[in-house]
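Visitor: My questions all concern the structure below.
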Amino acid sequence: MKANYIDNFQEWEKGFSFFSEVRVRFSETDMYGHMNNTISFTYFEQARIDYFRHLGILMPSVGEEDVKSIPIVADLQCDYVKQVFFDDVLRIYTKIAQVGNSSMDIHYLAKNQKDEICFTGRGTIVQMDPRTGKSVPISEEEKTKLNQLAMLPH
């Protein structure tokens with residue numbers, strides 16, 4: 001497997017420590033019990049939310065007054081390596097790969113219960129002002145924290 005966002009797979013893989021666990025539900029499969037290709041994006045979403053909450057960053061509380069920015073997905077990519085089936089248990093690893101002015105690149109790694117790589121992915125998350133729909137800079141405080149996290153195993 002050679003995804004264009006991975007230079008050295010062994011080094012890339014070492015940067016992950018946080019994961020969310022999911023079990024593939026029957027409704028997420030086709031008639032052969034094979035996970036539908038769209039479901040990986042749902043798993044990425046949940047893992048990303050869990051990761052941001054774990055870090056205490058970027059996620060406004062539900063019902064929070066005067067929210068100045070929210071993280072939105074600008075693009076998302078998935079590279080499939082191994083088939084996934086109904087009732088498989090997956091660990092969806094998540095890490096920050098790069099931080100920009102108002103965006104960041106998030107990487108994902110999915111492994112099954114046998115510790116086999118099933119799919120990998122990446123996506124750009126942009127901080128957006130919900131009132132204007134325009135991107136807004138990540139605060140210097142959060143940018144510093146995110147850059148530290150991107151360079152260290154989390």
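Mind the numbering: the sequence shown is residues 1 to 154 in full-length UniProt numbering, read in order.
Ideal placement from N, C-alpha and C gives every residue a C-beta, glycine not left out.
Measuring CA to CA, which of 57, 34, 114 is closest to residue 71?
Guide: Residue 71 has its Cα closest to that of 57, out of 57, 34, 114.
Visitor: Using CA atoms only, rank isn't needed, just tell me which of 98, 69, 46 is closest to residue 130.
Guide: Checked all of 98, 69, 46; the closest Cα to residue 130 is 69.
Visitor: Apply the 10 Å Cβ neighbour rule to residue 123 and answer buried if 16 or more other Cβ atoms are within range, or exposed otherwise.
Guide: Buried, by the Cβ-count rule.
Visitor: Return the residue from the list 8, 22, 80 that minimises the CA-CA distance to residue 37.
Guide: Answer by Cα proximity: 80.
Visitor: Output the boundary residues of the beta strand (DSSP E) element that contains residue 107.
Guide: It spans 103-111 - the beta strand (DSSP E) in which residue 107 sits, taken as one unbroken run.
Visitor: Give me whichever residues DSSP pairs with residue 75 in a beta bridge.
Guide: Answer by DSSP bridge pairing, in chain order: 124.
Visitor: Determine the burial state of residue 107: buried for a count of at least 16 other Cβ atoms within 10 Å of its Cβ, exposed for fewer.
Guide: By the 10 Å Cβ count, residue 107 comes out buried.
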